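Beneath this line is the structure, given in structure tokens, with notes to follow.
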């Protein structure tokens with residue numbers, strides 16, 4: 007295995023190796039899903055926006071990636087990254103970030119048991135920020151009075167972790183990438199294979215989600231836009247407060263399909279040497295000569311991942327429809 011997020015050695019059991027590959031697959035899928043969703047929402051808004059340049063850009067992006075084989079896009083990205091980026095000793099330096107044809111090196115924090123305090127504080131702040139946003143949205147719907155959301159949420163996300171750091175006296179020690187010998191040490195290392203795979207999956211499926219979001223926006227009756235304009239609401243607030251909440255309910259089922267496709271498409275990482283579930287299973291088959299058993303195990307794990315994602319999205323969709331009295 008070229009990389010692992012948990013301790014691993016060649017002497018470990020096959021179950022440990024499969025777990026390591028599964029974790030790599032989950033992390034890659036999570037990063038790619040976030041990137042694809044962000045690109046899809048931005049592309050969908052541009053495709054129906056008032057700017058001709060934005061519409062041309064969104065259309066070109068969709069048509070480019072929708073009409074190319076994903077394995078070909080991946081190989082092109084990988085070859086360009088390997089040949090275009092400099093070696094480690096001549097890496098591109100963007101402040102504390104280092105980029106080479108081997109990996110992407112980012113600053114990180116050295117792990118300390120006391121870091122659980124600010125991590126839990128961040129989780130609590132996120133929950134409180136979401137609760138505040140929900141209350142403020144409901145208050146605006148009931149009374150028409152605007153309540154600041156972003157400043158309060160940002161204050162919670164910054165203030166609570168800082169309070170936890172000061173209360174428990176957590177030593178915050180940054181770890182920066184430092185060139186030693188033939189590679190960098192310290193910081194966070196993201197392999198070139200991981201970066202290329204995340205970029206390809208994010209761009210490829212972002213194009214698909216762009217079309218889903220565009221269709222969802224165009225399915226909203228034009229009377230919604232006209233009513234918001236008659237009330238003096240500008241276009242940006244109309245999209246955020248009127249259109250996107252309706253689009254969300256419409257696009258969840260097709261986006262569900264895109265998310266499942268993305269998770270399954272992580273398996274093509276074997277083409278560039280990324281140590282995901284498919285890669286380690288292939289090695290195990292070569293060593294044990296048990297292809298049927300290992301393929302069944304792999305199918306079960308991919309099935310479990312996809313069912314988990316679809317179940318969460320379907321439950322979210324059911325909650326939204328129930329709020330609107332659809333069920």
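Numbering (the working numbering), first residue to last: 7 to 333. Beta carbons are placed, not taken as given, at the ideal position from N, Cα and C, and that holds for glycine. Treat the numbers as computed from the prediction; the structure is a model and nothing was measured.
1) Could you tell me if residue 293 is buried or exposed, where buried requires 16 or more neighbouring beta carbons within 10 angstroms of its beta carbon?
2) Which same chain residues end up closer than 7 Å to residue 126 when comparing Cβ atoms and leaving out the 5 residues on each side of it in sequence?
3) Is residue 12 helix, strand or coil by DSSP?
4) Are residue 180 and residue 113 touching if we call contact CB-CB under 7 Å?
5) Just the C-alpha distance for residue 276 and residue 286, rounded to the nearest angstrom, thanks.
6) From this set, 315, 226, 266, 207, which residue's C-alpha is nearest residue 71's C-alpha?
7) I need the straight-line Cα distance from residue 316 to residue 95, nearest angstrom please.
8) Is the number of C-beta pairs between the segment 51-59 and the segment 229-240 that are closer than 8 Å three or more?
9) Would you report the Cα separation of residue 93 and residue 169, rounded to the nearest angstrom?
10) Determine the direct distance from the alpha carbon of residue 321 to that of residue 333, and round the result to whole angstroms.
11) Could you check if residue 329 is buried or exposed, using at least 16 other CB atoms within 10 Å of its CB as the buried criterion?
12) Helix, strand or coil for residue 219 per DSSP?
13) Let's test the definition: count the other Cβ atoms within 10 Å of the Cβ of residue 27 and tell me whether it reaches 16, buried, or not, exposed.
14) What is the residue span of the beta strand (DSSP E) that residue 272 lies within?
15) Can you tell me which of 246, 122, 281 puts its alpha carbon nearest to the alpha carbon of residue 171?
16) So, using beta-carbon positions, are residue 85 and residue 107 closer together than 7 Å?
17) Taking all protein chains shown into account, decide if residue 23 is buried (16 or more other Cβ within 10 angstroms of its Cβ) or exposed.
18) Does DSSP put residue 69 in a helix, a strand or coil?
19) Could you check where the alpha helix (DSSP H) with residue 86 kicks off and where it finishes?
Let me spell this out:
1) Position 287 of the chain shown holds residue 293. With fewer than 16 other Cβ atoms within 10 Å, it is exposed.
2) For this step, residue 126 is matched to residue 120 along the chain shown. Residues of the same chain with a CB within less than 7 Å of the CB of residue 126, apart from the 5 flanking positions on each side, do not exist.
3) Walking along the chain shown from the start, residue 12 turns up at place 6. Residue state, collapsed to three classes: coil.
4) Position 174 of the chain shown, counted from the first residue, corresponds to residue 180. Position 107 of the chain shown, counted from the first residue, corresponds to residue 113. Going by C-beta atoms, residue 180 is nearer than 7 Å to residue 113.
5) For the purposes of this step, residue 276 is identified with residue 270 of the chain shown, where counting begins at 1. For the purposes of this step, residue 286 is identified with residue 280 of the chain shown, where counting begins at 1. C-alpha separation (whole angstroms): 9 Å.
6) Residue mapping note: residue 71 aligns to position 65 of the chain shown, counting from 1. Out of 315, 226, 266, 207, 207 has the C-alpha closest to the C-alpha of residue 71.
7) Here residue 316 refers to the residue found at position 310 of the chain shown. Here residue 95 refers to the residue found at position 89 of the chain shown. So the alpha carbons of these two residues sit roughly 44 Å apart.
8) By the C-beta criterion, the segment 51-59 is judged not to be in contact with the segment 229-240, since fewer than 3 inter-stretch pairs fall below 8 Å.
9) Residue mapping note: residue 93 aligns to position 87 of the chain shown, counting from 1. Residue mapping note: residue 169 aligns to position 163 of the chain shown, counting from 1. Their Cα atoms are separated by approximately 42 Å.
10) The residue you call residue 333 lines up with position 327 of the chain shown. The residue you call residue 321 lines up with position 315 of the chain shown. Annotation note: pLDDT 45 at residue 333 (below 50); position unreliable, coordinate value reported separately. Using only the alpha carbons, I get a separation of about 13 Å.
11) Taking the first residue of the chain shown as position 1, residue 329 is located at position 323. Taking all protein chains shown into account, residue 329 has fewer than 16 neighbouring C-beta atoms within 10 Å of its C-beta and is therefore exposed.
12) Counting from 1 along the chain shown, the entry for residue 219 is found at position 213. Residue 219: helix per DSSP, three-state reduction.
13) Taking the chain shown and counting its residues from 1, the one referred to as residue 27 is at position 21. Buried, because 16 or more other Cβ atoms sit within 10 Å of the Cβ of residue 27.
14) As a first step, residue 272 must be located in the chain shown, where it is residue number 266. Per DSSP, residue 272 lies in no beta strand (DSSP E) segment and is marked neither H nor E.
15) What you label residue 171 is simply residue 165 of the chain shown in a count that begins at 1. Among 246, 122, 281, the Cα nearest to that of residue 171 belongs to 122.
16) What you label residue 85 is simply residue 79 of the chain shown in a count that begins at 1. What you label residue 107 is simply residue 101 of the chain shown in a count that begins at 1. Taking a C-beta distance under 7 Å as the contact criterion, residue 85 and residue 107 do not qualify as a contact pair.
17) Position 17 of the chain shown, counted from the first residue, corresponds to residue 23. Under this definition residue 23 is a buried residue.
18) Position 63 of the chain shown, counted from the first residue, corresponds to residue 69. Note: residue 69 maps to helix in three-state DSSP.
19) As a position in the chain shown, residue 86 is number 80, starting the count at 1. Note, residue 86: alpha helix (DSSP H), 76-90.
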